[in-house]
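Protein chains: 6
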Amino acid sequence: MYEIGVVYRNIPRAEAAVADQLGAFGSATVHEAMGRVGLLKPYLRPIFAGAQVSGTAITVLLQPGDNWMLHVAAEQIRPGDVVIAAVTAESTDGYFGELLATSFKAQGARALVIDGGCRDVKALGQMGFPVWSRAVSAKGTVKATLGSVNIPVVCAGALVHPGDVIVADDDGVVCVPRAMAARTLEAAAKREANEADKRAKLAAGVLGLDMYKMREPLAAAGLRYID
Amino acid sequence: MYEIGVVYRNIPRAEAAVADQLGAFGSATVHEAMGRVGLLKPYLRPIFAGAQVSGTAITVLLQPGDNWMLHVAAEQIRPGDVVIAAVTAESTDGYFGELLATSFKAQGARALVIDGGCRDVKALGQMGFPVWSRAVSAKGTVKATLGSVNIPVVCAGALVHPGDVIVADDDGVVCVPRAMAARTLEAAAKREANEADKRAKLAAGVLGLDMYKMREPLAAAGLRYID
Amino acid sequence: MYEIGVVYRNIPRAEAAVADQLGAFGSATVHEAMGRVGLLKPYLRPIFAGAQVSGTAITVLLQPGDNWMLHVAAEQIRPGDVVIAAVTAESTDGYFGELLATSFKAQGARALVIDGGCRDVKALGQMGFPVWSRAVSAKGTVKATLGSVNIPVVCAGALVHPGDVIVADDDGVVCVPRAMAARTLEAAAKREANEADKRAKLAAGVLGLDMYKMREPLAAAGLRYID
Amino acid sequence: MYEIGVVYRNIPRAEAAVADQLGAFGSATVHEAMGRVGLLKPYLRPIFAGAQVSGTAITVLLQPGDNWMLHVAAEQIRPGDVVIAAVTAESTDGYFGELLATSFKAQGARALVIDGGCRDVKALGQMGFPVWSRAVSAKGTVKATLGSVNIPVVCAGALVHPGDVIVADDDGVVCVPRAMAARTLEAAAKREANEADKRAKLAAGVLGLDMYKMREPLAAAGLRYID
Amino acid sequence: MYEIGVVYRNIPRAEAAVADQLGAFGSATVHEAMGRVGLLKPYLRPIFAGAQVSGTAITVLLQPGDNWMLHVAAEQIRPGDVVIAAVTAESTDGYFGELLATSFKAQGARALVIDGGCRDVKALGQMGFPVWSRAVSAKGTVKATLGSVNIPVVCAGALVHPGDVIVADDDGVVCVPRAMAARTLEAAAKREANEADKRAKLAAGVLGLDMYKMREPLAAAGLRYID
Amino acid sequence: MYEIGVVYRNIPRAEAAVADQLGAFGSATVHEAMGRVGLLKPYLRPIFAGAQVSGTAITVLLQPGDNWMLHVAAEQIRPGDVVIAAVTAESTDGYFGELLATSFKAQGARALVIDGGCRDVKALGQMGFPVWSRAVSAKGTVKATLGSVNIPVVCAGALVHPGDVIVADDDGVVCVPRAMAARTLEAAAKREANEADKRAKLAAGVLGLDMYKMREPLAAAGLRYID
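Protein chains in written order, with this note's numbering: chain Y, 1 to 227; chain C, 228 to 454; chain F, 455 to 681; chain E, 682 to 908; chain Z, 909 to 1135; chain X, 1136 to 1362.
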């Protein structure tokens, strides 16, 4: 399935402005806007709370216990990218720490999403480099076996192509295929447009049952109230 | 086991004063006071640290990937309630977010406990609405299939009846059956009465071995010290 | 495998100065310095972020659902110790809370590492007593069955002897055997010596590919760049 | 939630003939017939393949690592019963083995369903006593702490009352509340009535799309075929 | 990521002869022959031991708890196909049972691989229709929401395109992309060519250390023997 | 904790006759006879049912995804040995298959216990070589990094020294330290001596309550019968 030992250098990226604006909506809204697909599995968790980022994907395929290709990937980073790292087997090792984060940040990366472990999390928090990972682990890795950079990868159960848009926050990580980025942005904007109005109504005590006109379909589905 | 498609409107609730006072003792003390039963499984975790709540249970049975009944439940909330949501299959989807929290809060709910996922966790933290959930996930849900409201449910392995008292904090979630609430409160108060004294002694260097008179039973059980 | 019902009182401890200094390097560096062994499994997590401790190990073997031996262990604590608690079966019960922490702290313990659950985590955070555990749970335990104190134990997959050095922080927990402590400290110091220099270079945009001279071995391994 | 230290001796049981006939339909059909509720979580697996049993529930609440109450339960078994054992904490210990199975069988039990571990599985297979458990483990248990017999229990996520009907086979375990047993039997029989006919049609190459008249609703839902 | 509500009817399939021959080598050899990629996660297990199949992939994307699209997929099956079913969320429900298996078999399918649950496993064993699934569960599903047929899916962590070759046996499930099928077959044949010879040598007591000439590289890597 | 890159050649082994006789008692009885310690975690499962073996331990420490040291271990096998393989990180890869089994068997090994994955399980069943593993996986491994042979290892949570006795069957795997082997054998024999008598009584309908004289302690513990 995977091509091993290759680095694609010139990848088409989703439009930067679109990628940037998608981030502001957050993963939950973007996921809805895409038709409820594209979510990476929720076992990926941020190493610190509150980060909200978006960017274009650089993809990396790692071998278990080996972070060599993260160094190779660093060279491919362009400002505004988010690095997406998959591993060819389930692993919680600490593939990424303070030094790599320093380098990624210097190259312009906004975040790392890794289907493996991360370490130096206190330092990463202090330098403000966000990571979504499946584990935190002090266990380091070797640099011995080739993987690939910028091939399509399956990361936490989702297919990510290089250049796709990644949106990540406390709720999780969503991948928006490059070709769908513009229309997803539009759909997300539409979803949010009347949110403030809804929020105000609900805060004032209006019930969703009435606001969304659910009483009739609920009755049609057979809901019975018992006193 | 479950009655589907019904909403019980007039449920007997545990006495509000008792429910309120139980919260001050926290889940660990209340769990002990009940004879070490009633704890929901510890995979339920708070979405932010530090919340400590208690209240009377509104129960909701959800279908997987469907949060319709949370809207139905909103109407049944009375000030001081805690909503307990079970799902008929294991699921980590994000059934609950900012809009529903706004509505629940407006109706007087103090918290949500859900054996499923939650989203918009940053916003929920900002509005101070606590949730105990098994996952955080951006994945939204549909509104298509009936469950029930205010029937007895099994949530995270524990049986909860509507009107029971729920106590939740950083240590977890405990359900106190309505009929046991008063006597559990008494037992909890008794447990805590001499805690300050014990704490002072231990802080002064007195050993639990001596304070609890454990040396004799330990010797009787055969404990040997080897120099 | 385990001797049950014994307490070893006079255990040889790693040198205090060495144990203290190892803590400053953190679990990730110490793990590397040992040759990438000695890590406890990453499911052990700190109950609050930011703690970084080291000390000499007091070991405890607990029976599932029973914390009796933690009281026995308290008497064996010397200032600078870290208590390492293993359980003879997988369990998430809350073996340790505020009262025991008060006692452990009074005896000079710096932290607890437990392959089980912990409770009263808000209070523990307020008193600043760090715990690494596999779970947080309000479920208390009984005091009925003997285990042992200061025998070698397997905790979260790692063998720990009493007197070994424990290093724990946000990245995890590492055990340094007493006999390897001095030379591990040396190796850790060596690793860190030129870290600042590396960090500066990477921050300035130098690539790890060049700094670590990886281009040649990558090419030798067959890495191909595709434009 | 649970009453500890009690044994209810005279429990009302579902009608034996109904319990017996439900078994013939198997867990999948019975689960459907109940409206798709009542299933114990699928982590419960049979210790050997091919067993298909039904019977009336004797319930047992065990303390973790303690099988004392299984001996107490043995006395309450009547021919045609299935023993349902819950544990107050998650545990994989081997609570049940050859000797208890010999006793249970002699008292007329048809099977054990346990939310814990089982051992002597080879011997149990040879004597043909079926067990559904969450684990197989050689780890034995003590006889030290009281639980209860014939109180309502939550077993593998499902609420079981003594006297309910249990249906178990290779597909899993279903609990049919006593009050629903007769009408569930009827519904199950209805479901199966035309199965043979459907099976024959499908085997002859008729598509479910046509047999179930799905083409129209699929089109209405928007399904598009692309050549 | 996924296109919802579409059925691709005319998919290019890998050559039947190649697909057939790959099956004889088994998943382990084929996985090696591909360069150790393409394996579906090992949590997929066969519902009965001993099946060894290969075929061309029909892919199905299911919604959680909904097996409607399996009926849609049945019409797309050609003799020699293997159906690969992914679900948009983690789920253990029983999506597939005896009736669907009867239909799939009648249409010429050789097996089902599903990242969800399966039921009627005894009947499936009796009719000899092999299934690899993540769970066995009596829990049935509804027919309410569209997914897709013959789009690329991620199943148990691996990307599968319609028409790829699937090889499955007791060791697991491997996907061979259509474009790599012929050369993988060649590589697999080469791997097996001298296996018989190796097996005979090892059975005669020759050590792998000598047969594979490992002593020198082991010494070079620093291996020390201690008497 | 671990010494890497060494092979201990002359290990003291438990007495062969003792190791052989322990096997006949099975893992459950031996585990009890040791005082309920020494069990490897129950996630280790046999690849086929019915095997019951015992022998002296050869230990192997593997690096994740690398089975080089299994070849090194083969040379250290003496007839009657059981190979115990630990991995320095959690891994389900297939480290062991038909060729290695052929070699191990030729050298006199009776079984493999591995805290990782195994493959070629059909072939292993046909040749009758038993394996207890944490997974079955077609994923092969490389031969690149040193581990060790015949050092003490932690395998599935239990400490195993080379030369210890291993007892494994359908119920799991137990390690009996060499120094405890003789007295464990005695204790196991004593346990079994009156089992036949007990079994006969229980089969005749005598209750464990009476046979074990439990009624009095149950009453003393407060058990109440309710009619």
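Glycine residues also receive a C-beta, built at the ideal position from the N, C-alpha and C atoms.
Cutoff 6 Å; reference residue i; Cβ partners in own chain excluding five residues on either side
i: P1136/Z; result: An answer regarding residue 1136/Z cannot be provided, because it is not within the stretch 909 to 1135 covered by chain Z.
i: S318/C; result: P291, G343
i: A1258/X; result: E1233
Contacts around residue i, its chain only, beta-carbon distance under 8 Å, and the 5 residues preceding and following it disregarded
i: I304/C; result: I285, V310, F331, Q334, G335, A336
i: D1305/X; result: P1181, A1184, G1185, A1186, Q1187
i: H1296/X; result: A1192, T1194, P1287, P1312, R1313
i: L703/E; result: V711, S735, V846, V848, V857, A862, T865, L866, A869
i: I1361/X; result: none
Proximity of residue i and residue j at Cβ, strictly below 7 Å
i: W1040/Z; j: V1061/Z; result: no
i: N421/C; j: Y235/C; result: no
i: L1196/X; j: G1282/X; result: yes
i: V1277/X; j: D1228/X; result: no
i: V945/Z; j: Y95/Y; result: no
i: A589/F; j: K495/F; result: no
i: L677/F; j: G125/Y; result: no
Bridge-paired residues (DSSP) for residue i
i: G55/Y; result: I166/Y
i: V711/E; result: V711/E pairs with nothing; no bridge assigned.
i: W813/E; result: P727/E, V794/E
i: L1067/Z; result: V1062/Z
i: I77/Y; result: According to DSSP, I77/Y bridges with nothing at all.
i: D974/Z; result: V1050/Z
i: A179/Y; result: Per DSSP, none; premise fails for A179/Y.
i: A313/C; result: L288/C
i: R905/E; result: V914/Z
Closest residue to residue i among the options (Cα-Cα distance)
i: M1169/X; options: R1326/X, R1334/X, V1207/X; result: R1326/X
i: E923/Z; options: G1002/Z, L1008/Z, D989/Z, G1033/Z; result: D989/Z
i: G1263/X; options: R1254/X, A1236/X, S1272/X; result: A1236/X
i: R800/E; options: K894/E, A819/E, A792/E, R815/E; result: A819/E
i: A423/C; options: A471/F, E552/F, P584/F, P496/F; result: E552/F
i: G367/C; options: W295/C, P444/C, R442/C; result: W295/C
i: T599/F; options: A478/F, V526/F, R490/F; result: V526/F
i: A1209/X; options: A1128/Z, L1110/Z, L978/Z, L1131/Z; result: L1110/Z
i: S254/C; options: L498/F, S481/F, V575/F; result: V575/F
i: D20/Y; options: A204/Y, P79/Y, A85/Y; result: P79/Y
Beta-carbon proximity list for residue i, same chain, < 7 Å, skipping 5 on both sides
i: Y997/Z; result: One point to set straight first is that residue 997/Z is Ala, not Tyr, in the sequence displayed. Only P972 meet the Cβ criterion.
i: L493/F; result: H485, A612, G626, V628
i: V1222/X; result: L1197, P1199, D1250, G1251
i: F252/C; result: A415, E419
i: A220/Y; result: none
Residue i CB to nearest heavy atom of the ligand NAP below 6 Å
i: D1255/X; result: The ligand NAP is absent from the structure shown, which contains no ligands of any kind.
Practice task
Determine which residues of the stretch 1273-1299 of chain X have a Cβ less than 7 Å from any Cβ of chain F, and write them out in chain order.
Solution key: V1289, G1292, A1293, L1294
Exercise for the section: Residues of the stretch 493-521 of chain F with a CB closer than 7 Å to any CB of chain C: list them in chain order, please. Expected result: none
Problem - Contact set between the stretch 417-431 of chain C and chain Z, restricted to residues whose Cβ is under 9 Å from the partner - result: none
Practice task
Name, going along the chain, the residues of the stretch 310-323 of chain C whose beta-carbon falls closer than 9 Å to a beta-carbon of chain Z.
Solution key: T315, A316, E317, S318, T319, D320
Practice task
Identify each residue in the stretch 457-470 of chain F for which the Cβ-Cβ distance to at least one residue of chain C is less than 7 Å, and report them in chain order.
Solution key: G459, V460, V461, Y462, R463, N464
Exercise for the section: Using a Cβ-Cβ cut-off of less than 8 Å, list which residues of the stretch 101-123 of chain Y approach chain F; keep chain order. Expected result: T102, S103, K105, A106, Q107, G117, R119, D120, V121, K122
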